[in-house]
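A.B. asks: Here's a structure for you.
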Amino acid sequence: MYAKDYHDLGTPAAAGEQVTLEIDGATVTVPAGTSIMRAAALADRDVPKLCATDTLKHFGSCRVCLVEIEGRKGFPASCTTEVAAGMKVHTQSESLTKMRRGVLELYVSEHPIGSCPDSSRCELETLAGEHGITASRYAGPKTARHVHTHKPVDASNPYFRFDNDLCIVCSRCVRACEETQGTYALTIEGRGLESRVSASQDETFLDSECVSCGACVEACPTGALMEKSVITAGLPQQAVATTCAYCGVGCALVAEVTDGVVSRMVPNRNGRANQGHACVKGRFAYGYATHQDRVTKPMIRKSITEEWREVSWDEAIQYAASEFKRIQAKHGRDSIGGITSSRCTNEETFLVQKLVRAAFGTNNVDTCARVCHSPTGYGLKHTLGESAGTQEFVSVKEADVMMVIGASPTEAHPVFASQMKRRLREGARLIVIDPRAIALVKTPHVEADYHLRLRPGTNVAIINALAHVVVTEGLTRDDYVSERCERDSYEKWKKFVADPVNSPEAMESITGVKAELIRGAARLYAKGPNSAIYYGLGVTEHSQGTTMVMGIANLAMATGNLGREGVGVSPLRGQNNVQGSCDMGSFPHEFSGYRHVSDDATRALFESMWKVHLVSEPGLRIPNMFEAALDGSFRGLYIQGEDIAQSDPNTAHVTAALSAMECIVIQDIFHNETSKFAHVFLPGSSFLEKDGTFTNAERRISRVRKIIEPLGGLADWEVTMQLSNALGYRMDYRHPSEIMDEIARLTPTFTGVTYDKIDQLGSIQWPCNDQAPDGTPTMHVGQFVRGKGKFYVTAYVPTSERTSSKFPLLLTTGRVLTQYNVGAQTRRTQNLAWHSEDRLEMHPHDAEARGIEHSDWVGVTSRAGDTVLRVEITEKVAPGVVYTTFHFPESGANLITTENSDWATNCPEYKVTAVQVTKVAQPASWQRRRQAAVPAAPRRRVPREESPVGS
Amino acid sequence: MANDIANFFDAESGQAAAAESVRNHISRYWEPRMRRAIIAHVDNGGAGLAPTAMAAVRKLVAPAA
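First to last, the protein sequences are chains A and B.
So the first sequence is numbered by this note's numbering: it starts at 1 and just counts up by one.
So the second sequence is numbered by this note's numbering: it starts at 952 and just counts up by one.
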């Protein structure tokens, strides 16, 4: 069922000319195409309903929502009947009441009053009560639902249960799975009294194709599908609007709170990013916030070989400050630095970079965007003028062609993937450029027109080949380019890309993609008319990551696909606030708003407000910090919410660098791989304990609201503030809104942002300033931020990471739906039921050649190191390519990734590692030791036969 | 890394202008100790550096220690 206090209007909104009609004597004006049901609800004359809900198209099956229309015969269903000008509708009459009572009595015959665990949440029992139905004359052994279709309660899904005996076969769940989520996991099996909801091929929900998005649970009008947490917690007393802390979609959520505990998380229907939908992580996997592993007491130790000692906040802060001062006095101002978190709020991140710049006196500050989308920042800034994506998510509704490069949205951005799938089902075309057959290539009612299955490391070759077709076949939009782009750079780029060395035919042997496929894809993209590019870390995490981003921008400009709805270049940012942490100046070379530290005017503005001298030279990036630590010139680090020992490449190199430092201060919610090397542990806060804002991949700034007090006693921003004060640089904020006010004063793209405005508008997409007081959904309308768009020549340079006889396979990495990033959050939830270990995907040919069978242990060795994983034999990867995820520290995925990185930004080349795979007998000794210390959770299987709730 | 930067700008700017582009990139994105290190490397012969990278580093002004 829907969120507390949600007013379900019955059918989706329509968009047409205004139509005026009369409902129960009241004049109502709504867009043409609106159902009578919705129009009546908008006029507070709600028509009873069971099968209708405003997230789904009308269905017309329950026959409860009948109305009378003057001049028309019969009693039409209000959900399927559209308004008409001058129509006169009656929603109440003696006849209507009699019919509704009759229908409800039939429903009650199969779903007796009092069946649901909580009748107040059951729409059927509530409606029956309103119509005076307490029992049914038709109830009996021959009509009772459980006689015809009884199945034991399916409690296989860790988060919700399905009780078929409570189901009224309204099909809302089936339709939600189709229309909202696009998975098509549910169907109605049987006919008449035998009808029942079935998951996949009559499997349990856990075993079926269900992705546990919860849309069906939310849509269910009875207790048939219900969250287990609601059953145990009961009715919420409070509902708090907040924002998800998982991926870069940044879903707007509503936390329902019972007795001070979050009992349910539901999508906020007003959420512009997620359009009222959520995924298994955002909706269900919030339990980590109160997991027993939470660190809630500050701790210090002089050496990483010592045990931790719990101390007071004051002692921990003073110790950290004194160590940083000592190190700087001995080794120089630039011997320490900080890393901001892409999980923390804009306000918290802004304070960390301010601490580093103003209190430490250095620009040695960086963020995890270094290892993911830093090439996006560089590439789009140089070509278009701004370090961010160009569209909002709903722009996809206007796309005719989508090109998805190096991303798997169904895994990493599932709620946006649902929006993509909806548009694809409507007829939009799809090009996928990925070494792997991602789910989007073929999924129910969606199939890619082209899957360019390129060899890892050849992105630039293929984008040049696509551009070659566009240029040489006359598919460029010369009018657009003439008006909006630099002529000289365009002509230079055109000449370069038209060279036969960039032709699909010449590139075929490099990319492994047939020339005719490249030509077909290029023509499809160029002809649009609206073509949109979405890309992920499969673009950026390469030695030519920035070059590829520029190549994408070149292609979009050349074909006129920027500056309006339905087109654009959209980087799918991975984390809930990685965009925000970049916006806040968490870079060694840029202040907030992407202004270089050497810019005198910008620096003077910050110096004036911060009352301190600021350094004009760029600082160290994260990889440079490691190098400097190993050469002895970098010795102290303040890390907020990042686990670099697990997430960064070449683990041996990272841990050697961390070991070389004298003082590492961690601020986090759990112990992790990095805290093993720390000297101070400051307890951090989860998103449930934060007040602030996150910025998603759409540049959308949304509020995060505190639901429980920080378990450690201090908010993350308060911790940073106290550390700064202990270092002698005064910070005096009373509330995060004051920090945002400061950000707005200092950052031209944020000048109009205030908490009041965010509350008023729901969210704001920057830039938000005098030129765009309500924010900017679509960038580069009319002209590019830099003025004229600039083309860059993007010559393909093969990566130095080459296969050889010793390392004949190429490893690439990615994510799965149910786990998130390094798994710190999701590994502490019941999402382990779906994915409890990282596995190596391998093609059957490669496996057979090595005598490897499904689920065997295999050693994976690269030039950097080795690890052991279980193998999964699949054709999702091509011969010669293997793939794994990195959600579990025991998998050691980054033991084998190398230090190769992007030329412009140092973004690691995670996606191309030459490896050999061999069958082994067991995990490596370090993995066995680790497993012995912390046993991995087994894959959870709840038996199909489980006692119903209450028994 | 300097060679990788040089590769990009050799193609983008042409070799004649590439050295200046590489110098500019290094100045804007490399921390002073990294710039001092590569200047010292070039002063010691610059083994392994591509011509454009070498030319770029020679244009760099050594930042104060």
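For glycine and all other residues, C-beta sits at the position ideal for the given N, C-alpha and C.
Does DSSP classify Q18 of chain A as helix, strand or coil?
C.D. replies: Here Q18 of chain A sits in strand by DSSP.
A.B. asks: Could you compute how far the alpha carbon of S763 of chain A sits from the alpha carbon of I707 of chain A?
C.D. replies: Near 19 Å, if we compare the C-alpha coordinates of I707 of chain A and S763 of chain A.
A.B. asks: The beta strand (DSSP E) spanning Y534 of chain A covers which residue range?
C.D. replies: It spans S531 to Y535 - the beta strand (DSSP E) in which Y534 of chain A sits, taken as one unbroken run.
A.B. asks: Can at least three beta-carbon pairs, one atom from the stretch 536-548 of chain A and one from the stretch 895-912 of chain A, be found at a separation below 8 Å?
C.D. replies: Because the criterion of three Cβ pairs below 8 Å is met, the stretch 536-548 of chain A and the stretch 895-912 of chain A touch.
A.B. asks: Would you decide whether H854 of chain A is buried or exposed? Buried here means 16 or more other CB atoms lie within 10 Å of its CB.
C.D. replies: The residue in question, H854 of chain A, is exposed, as its Cβ has fewer than 16 Cβ neighbours within 10 Å.
A.B. asks: Rounded C-beta distance between L832 of chain A and V882 of chain A? I'm assuming under 8 Å.
C.D. replies: About 24 Å; that fails the 8 Å criterion.
A.B. asks: Is Y490 of chain A helix, strand or coil when you go by DSSP?
C.D. replies: Helix, per DSSP.
A.B. asks: Within 10 angstroms of the Cβ of A15 of chain A, are there 16 or more other Cβ atoms? Answer buried if so, exposed if not.
C.D. replies: Counting Cβ neighbours within 10 Å, A15 of chain A comes out exposed, since fewer than 16 surround it.
A.B. asks: Note down, in chain order, every chain B residue with its Cβ under 9 Å from the Cβ of V797 of chain A.
C.D. replies: Chain B residues near V797 of chain A: D955, N958, F959 and A962.
A.B. asks: Of all Cβ atoms in chain A, is any one closer than 9 Å to the Cβ of P1014 of chain B?
C.D. replies: Yes, its Cβ sits closer than 9 Å to a Cβ of chain A.
A.B. asks: For A461 of chain A versus T511 of chain A, is the C-beta distance shorter than 9 Å?
C.D. replies: In this structure, T511 of chain A lies closer than 9 Å to A461 of chain A by Cβ.
A.B. asks: Could you work out which residue in A:Y138, A:H613, A:L42 and A:L253 is closest to L688 of chain A when comparing CA atoms only?
C.D. replies: Of the candidates A:Y138, A:H613, A:L42 and A:L253, the one whose C-alpha sits nearest the C-alpha of L688 of chain A is A:L253.
A.B. asks: What whole-angstrom Cβ distance do Q825 of chain A and E890 of chain A have, given they're in contact under 8 Å?
C.D. replies: About 17 Å; that fails the 8 Å criterion.
A.B. asks: In terms of alpha-carbon separation, which member of A:M402, A:K757 and A:E508 lies closest to L430 of chain A?
C.D. replies: It is A:M402.
A.B. asks: Helix, strand or coil for S763 of chain A per DSSP?
C.D. replies: Reduced to three states, the DSSP call for S763 of chain A is coil.
A.B. asks: For chain A, check one thing: does any of its Cβ atoms lie closer than 9 Å to the Cβ of R984 of chain B?
C.D. replies: Cβ-Cβ to chain A under 9 Å: yes for R984 of chain B.
A.B. asks: Within the present structure, is the beta-carbon of S686 of chain A separated from the nearest heavy atom of the ligand FAD by less than 8 Å?
C.D. replies: The model depicted lacks the ligand FAD and carries no ligand whatsoever.
A.B. asks: Identify every run of the beta strand (DSSP E) within the stretch 428-454 of chain A, keeping only runs that are complete inside it and at least 3 residues long; order them along the chain.
C.D. replies: You should have 429-433 and 450-452.
A.B. asks: Taking the DSSP output, what are the residues bridged to F160 of chain A?
C.D. replies: DSSP lists A:E227 as partners of F160 of chain A.
A.B. asks: Of the choices A:T290, A:G568 and A:D293, whose alpha-carbon is the least far from that of K397 of chain A?
C.D. replies: Nearest of A:T290, A:G568 and A:D293 to K397 of chain A, Cα basis: A:G568.
A.B. asks: Compare the C-beta of M1005 of chain B with all C-beta atoms of chain E and state if any pair is closer than 9 Å.
C.D. replies: In the structure shown, chain E cannot be found, because the protein chains are A and B.
A.B. asks: Pick out whichever of A:D24, A:T390 and A:V793 has its Cα sitting closest to the Cα of R700 of chain A.
C.D. replies: Ranking A:D24, A:T390 and A:V793 by Cα distance to R700 of chain A puts A:T390 first.
A.B. asks: Measuring CB atoms only, is the stretch 328-342 of chain A touching the stretch 350-369 of chain A, in the sense that at least three cross pairs come out at less than 8 Å?
C.D. replies: The stretch 328-342 of chain A, when compared against the stretch 350-369 of chain A, does touch it at the 8 Å Cβ threshold.
A.B. asks: Count the other CB atoms, across all protein chains shown, that sit within 10 Å of the CB of S531 of chain A; report buried if there are 16 or more and exposed otherwise.
C.D. replies: Under this definition S531 of chain A is a buried residue.
A.B. asks: Pop quiz: K676 of chain A and I304 of chain A are said to be a contact at Cβ under 8 Å. What is the actual Cβ separation, rounded to whole angstroms?
C.D. replies: Indeed they touch by this definition, with Cβ atoms about 7 Å apart.
A.B. asks: For the putative contact between M226 of chain A and V217 of chain A, defined by C-beta atoms under 8 Å, what is the C-beta separation to the nearest angstrom?
C.D. replies: Contact flag correct, Cβ pair sits at about 7 Å.
A.B. asks: In three-state DSSP terms, what is T204 of chain A?
C.D. replies: T204 of chain A falls in the coil class under three-state DSSP.
A.B. asks: Could you tell me which chain B residues have their CB closer than 9 Å to the CB of A628 of chain A, listed as they occur along the chain?
C.D. replies: Neighbours of A628 of chain A on chain B, chain order: E982, R984 and M985.
A.B. asks: Just confirm the distance between the C-beta atoms of L555 of chain A and I463 of chain A, as a whole number of angstroms; I'd bet it's less than 8 Å.
C.D. replies: Correct: roughly 6 Å between the Cβ atoms.
A.B. asks: Grab the span of the beta strand (DSSP E) containing L66 of chain A for me, first residue to last.
C.D. replies: Per DSSP, L66 of chain A belongs to no beta strand (DSSP E) and is neither H nor E.
A.B. asks: Determine the direct distance from the alpha carbon of A678 of chain A to that of A1015 of chain B, and round the result to whole angstroms.
C.D. replies: The alpha-carbon atoms of A1015 of chain B and A678 of chain A are separated by roughly 32 Å.
A.B. asks: At a CB distance below 9 Å, what residues from the stretch 604-623 of chain A approach chain B? Give them in sequence order.
C.D. replies: Listed in sequence order: E617, P618, G619, L620 and R621.
A.B. asks: Just the Cα atoms here: how many angstroms apart are M299 of chain A and N650 of chain A?
C.D. replies: If you take the alpha carbons of M299 of chain A and N650 of chain A, they lie about 28 Å apart.
A.B. asks: Taking its Cβ as the centre, do 16 or more other Cβ atoms sit within 10 Å of Q916 of chain A, making it buried, or is it exposed?
C.D. replies: Buried, because 16 or more other Cβ atoms sit within 10 Å of the Cβ of Q916 of chain A.
A.B. asks: Cβ closer than 8 Å: which chain A residues qualify as neighbours of R1009 of chain B?
C.D. replies: Within chain A, no residue comes near R1009 of chain B; the closest Cβ sits about 20 Å away, beyond 8 Å.
A.B. asks: With 7 Å as the C-beta to C-beta threshold (strictly closer), list the residues of the stretch 543-565 of chain A near chain B in chain order.
C.D. replies: Listed in sequence order: S543 and T547.
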